[in-house]
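Numbering (the working numbering), first residue to last: 141 to 211.
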């Protein structure tokens, strides 16, 4: 799962986006995936180039990607 560049904005407006941190959300996603027998790698970057690199790496390995482009 790849989170895009607006994730840090959530920290500035917890009344709009909630108070869950990226680490807390990542842990929740990883736990839920494990219960389903899946492995999830959660990543976040403010760099569009880095996001594209991760997408290309996943494509090369034929791994699915969940992209939260808006963060």
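Glycine included, every Cβ here is placed at the ideal spot set by N, Cα and C.
Query raised in the report: Does DSSP put residue 176 in a helix, in a strand, or in coil?
Result: Residue numbering aside, residue 176 sits at position 36 when the chain shown is read from its first letter. Of the three classes helix, strand and coil, the one that applies to residue 176 here is coil, per DSSP.
Query raised in the report: Helix, strand or coil for residue 206 per DSSP?
Result: Taking the chain shown and counting its residues from 1, one reaches residue 206 at position 66. Note: residue 206 maps to coil in three-state DSSP.
Query - Same chain, Cβ closer than 6 Å to residue 152, neighbours up to 5 away in sequence not counted - result: Counted from its first residue, the chain shown places residue 152 at position 12. None.
Query raised in the report: Sorted by chain position, which residues of the same chain lie with C-beta nearer than 7 Å to residue 173's C-beta, five sequence neighbours on each side aside?
Result: Taking the chain shown and counting its residues from 1, one reaches residue 173 at position 33. Correct list, in chain order: 179, 180.
Query raised in the report: Closest by CA to residue 162, which one among 145, 201, 196, 176?
Result: As a position in the chain shown, residue 162 is number 22, starting the count at 1. Answer by Cα proximity: 145.
Query raised in the report: By how many angstroms is the C-alpha of residue 185 removed from the C-alpha of residue 154?
Result: The residue you call residue 154 lines up with position 14 of the chain shown. The residue you call residue 185 lines up with position 45 of the chain shown. In a straight line, the C-alpha of residue 154 is about 20 Å away from that of residue 185.
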